[in-house]
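Peer 1: Quick one: structure below, then a few questions.
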Amino acid sequence: MRGRRPPSLLILGALAVMVAAALAPEVLPRADSPRLNVVVIVTDDQSFDSIPRSVPVMPYLQARALDPADHWVVFTRAFVNTPLCCPSRATMLTGRYAHHTGVQGNTDGERLDERETLAAWLDAAGYETGLVGKYLNGYPFGRGPYVPVGWDRWWGKQQGGPESIYRNFTVIEQGTPVSYGADAYSTDVFADAAVRFIEQVPSDRPFFLWFAPTAPHPPAEPAPRHAGRYADLALPAPPSLDEADVSDKPAWVRALPPLGAAGIERMRDAKRRSFETLLAVDEAVRRILEALRERGELEETVVVFTSDNGLAFGEHRWDRKSCPYEE
5 MRGRRPPSLL
15 ILGALAVMVA
25 AALAPEVLPR
35 ADSPRLNVVV
45 IVTDDQSFDS
55 IPRSVPVMPY
65 LQARALDPAD
75 HWVVFTRAFV
85 NTPLCCPSRA
95 TMLTGRYAHH
105 TGVQGNTDGE
115 RLDERETLAA
125 WLDAAGYETG
135 LVGKYLNGYP
145 FGRGPYVPVG
155 WDRWWGKQQG
165 GPESIYRNFT
175 VIEQGTPVSY
185 GADAYSTDVF
195 ADAAVRFIEQ
205 VPSDRPFFLW
215 FAPTAPHPPA
225 EPAPRHAGRY
235 ADLALPAPPS
245 LDEADVSDKP
255 AWVRALPPLG
265 AAGIERMRDA
275 KRRSFETLLA
285 VDEAVRRILE
295 ALRERGELEE
305 TVVVFTSDNG
315 LAFGEHRWDR
325 KSCPYEE
């Protein structure tokens with residue numbers, strides 16, 4: 005299924021264009037012009053129907069985003085260019101299509117020219133830059149621990165197996181591997197680092213923070229405090245769920261077997277757990293915004309919330325990402 009993003013993708017697309025234009029000499033602002041901070045929050049495999057919802061699964065963010073007094077802009081026509089983690093992230097970091105970045109699959113991350121990214125451009129423009137969480141699939145690409153060009157502060161999650169998405173993971177912190185065990189929940193660890201970045205960034209520099217938790221990537225594991233919160237959440241059945249007649253669909257869809265009642269219930273359970281992982285992300289968003297407010301920077305900061313791609317939960321018999329299906 006196509007991953008239509010949660011709202012705001014086009015802000016990020018516009019940001020890439022804006023940064024590229026801002027660095028052109030003929031459009032450079034005056035030296036004394038104030039420059040806004042930028043915080044980009046990128047979740048991992050968040051389904052397009054997770055926000056907004058009639059029953060919010062990210063109550064804090066949804067309330068803020070839909071409150072006219074809060075000055076959020078919701079982009080309802082935003083689309084993922086390449087609905088797969090690594091190519092999508094490379095596109096967001098560069099403003100370039102996958103065939104230009106060279107990152108066309110999840111094993112292509114090392115092909116990215118790290119000298120040509122938002123971080124490199126903003127760092128050259130005087131911004132304090134920081135990444136917290138997931139960078140690109142495969143990082144550090146067998147090169148050993150390293151910090152990519154342009155990042156002043158770095159807490160990049162090292163590639164691991166499915167068991168390391170939420171627990172038992174390693175983070176390259178300023179070039180040094182630091183391992184976290186079963187008692188550490190990744191979203192919370194990353195939220196702590198993001199808040200520290202905001203608190204410690206030099207007061208005389210604008211900053212750029214890329215905050216990328218691994219939630220709600222499957223297999224979804226909510227924080228213990230949130231486990232079971234949405235166990236009874238009603239999930240509407242879209243017409244495309246376990247689509248009965250796929251005769252008019254591409255061959256790869258026609259080849260998919262029906263899910264059946266058991267398969268549909270399995271998809272529903274997986275979706276509920278996915279939503280439960282977003283509660284910790286919602287708390288992280290609150291902490292980041294509160295840290296900005298406490299520092300007096302909230303009104304001087306552009307905050308973007310998006311996801312790298314969506315995820316299907318049985319629509320058109322599909323149970324993953326990778327296909328540009330508009331739902």
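Numbering (this note's numbering) for the sequence shown: 5 to 331.
Heads up, the beta-carbon is just placed ideally off N, CA and C, and yes, glycines get one too.
Small disclaimer: the values here were computed from a predicted structure and weren't measured.
(1) Which residues in the same chain as residue 199 place their Cβ atom closer than 6 Å to its Cβ, once the five residues preceding and following it in sequence are excluded?
(2) Answer yes or no: do residue 213 and residue 43 have a C-beta to C-beta separation smaller than 8 Å?
(3) Can you tell me whether residue 125 is helix, strand or coil according to DSSP?
(4) Write down the C-beta distance between residue 230 and residue 169 rounded to the nearest angstrom, noting that I regard them as a contact closer than 8 Å.
(5) Do the CB positions of residue 40 and residue 206 come within less than 8 Å of each other?
(6) Are the CB atoms of residue 116 and residue 140 within a distance shorter than 8 Å?
(7) According to DSSP, is residue 310 helix, strand or coil?
(8) Which same chain residues, not among the five before or five after residue 279, have their C-beta less than 6 Å away from its C-beta?
(9) Quick check: the stretch 151-158 against the stretch 172-182, are there 3 or more CB pairs under 8 Å?
(10) Candidates 105, 38, 316 and 289: which alpha carbon is nearest residue 196's?
(11) In or out: residue 358 buried (at least 16 other Cβ within 10 Å) or exposed?
(12) Where DSSP assigns a beta bridge to residue 161, which residues make up the other side?
(13) Excluding five sequence neighbours on each side, which residues of the same chain lie with their C-beta closer than 6 Å to the C-beta of residue 20?
(14) In the DSSP assignment, what are the bridge partners of residue 214?
(15) When DSSP labels each residue in this structure, what does residue 181 get in the three-state scheme?
(16) I need the boundaries of the alpha helix (DSSP H) containing residue 92, first residue and last residue.
(17) When we look at the beta-carbon of residue 2 and count the other beta-carbons within 10 Å, is it buried (16 or more) or exposed?
(18) From the DSSP output, in three-state form, read off residue 223 for me.
(19) What separation, rounded to the nearest whole angstrom, lies between the Cα atoms of residue 257 and residue 248?
(20) With a threshold of 16 other CB atoms inside 10 Å of the CB of residue 93, please say whether the residue is buried or exposed.
(21) Report yes if the C-beta distance between residue 334 and residue 59 is below 8 Å; otherwise report no.
(22) In whole angstroms, what is the alpha-carbon distance linking residue 172 and residue 164?
Peer 2: On the basis of the supplied data:
(1) In the sequence shown, residue 199 corresponds to position 195, counting from 1. 291 and 295.
(2) Looking up residue 213 in the sequence shown gives position 209. Looking up residue 43 in the sequence shown gives position 39. Going by C-beta atoms, residue 213 is nearer than 8 Å to residue 43.
(3) By one-based count along the sequence shown, residue 125 stands at place 121. Helix.
(4) Within the sequence shown, the letter at position 226 stands for residue 230. Within the sequence shown, the letter at position 165 stands for residue 169. Incorrect: roughly 15 Å between the Cβ atoms, too far for contact.
(5) For this step, residue 40 is matched to residue 36 along the sequence shown. For this step, residue 206 is matched to residue 202 along the sequence shown. It is not a contact, given that the beta carbons lie outside the stated cut-off.
(6) As a working note, residue 140 is residue 136 in the sequence shown. As a working note, residue 116 is residue 112 in the sequence shown. Going by C-beta atoms, residue 140 is nearer than 8 Å to residue 116.
(7) Looking up residue 310 in the sequence shown gives position 306. Strand, per DSSP.
(8) Here residue 279 corresponds to residue number 275 of the sequence shown, with the count starting at 1. Only 61 and 234 meet the Cβ criterion.
(9) yes
(10) The residue labelled residue 196 in the question sits at position 192 within the sequence shown. Of the candidates 105, 38, 316 and 289, the one whose C-alpha sits nearest the C-alpha of residue 196 is 289.
(11) Shown here, the chain extends from 5 to 331; a query on residue 358 therefore has no answer.
(12) By 1-based counting over the sequence shown, the position of residue 161 is 157. Note: residue 161 sits in a beta bridge opposite 175.
(13) Along the sequence shown, one-based indexing puts residue 20 at 16. With a pLDDT of 30 at residue 20, under the threshold of 50, the modelled position of this residue cannot be trusted; read the value that follows with caution. So the list reads 99, once near-sequence residues are dropped.
(14) In the sequence shown, the residue the question calls residue 214 occupies position 210. DSSP output for residue 214 lists 44 and 135 as bridge partner(s).
(15) On the sequence shown, position 177 is the one that residue 181 refers to. In the structure shown, residue 181 sits in a strand (DSSP, three-state: E or B).
(16) Translated into positions along the sequence shown, residue 92 becomes position 88. Here the alpha helix (DSSP H) through residue 92 covers 89-98.
(17) For residue 2 there is no data in the structure shown, the boundaries of the chain being 5 and 331.
(18) Numbered from 1 along the sequence shown, position 219 holds the residue referred to as residue 223. In the structure shown, residue 223 sits in coil (DSSP, three-state: anything other than H, G, I, E or B).
(19) The residue labelled residue 257 in the question sits at position 253 within the sequence shown. The residue labelled residue 248 in the question sits at position 244 within the sequence shown. Cα-Cα distance, rounded: 11 Å.
(20) Looking up residue 93 in the sequence shown gives position 89. Under this definition residue 93 is a buried residue.
(21) Outside the shown range of the chain, which is 5 to 331, sits residue 334, and nothing can be said about it.
(22) In the sequence shown, residue 172 corresponds to position 168, counting from 1. In the sequence shown, residue 164 corresponds to position 160, counting from 1. One C-alpha to the other measures close to 9 Å.
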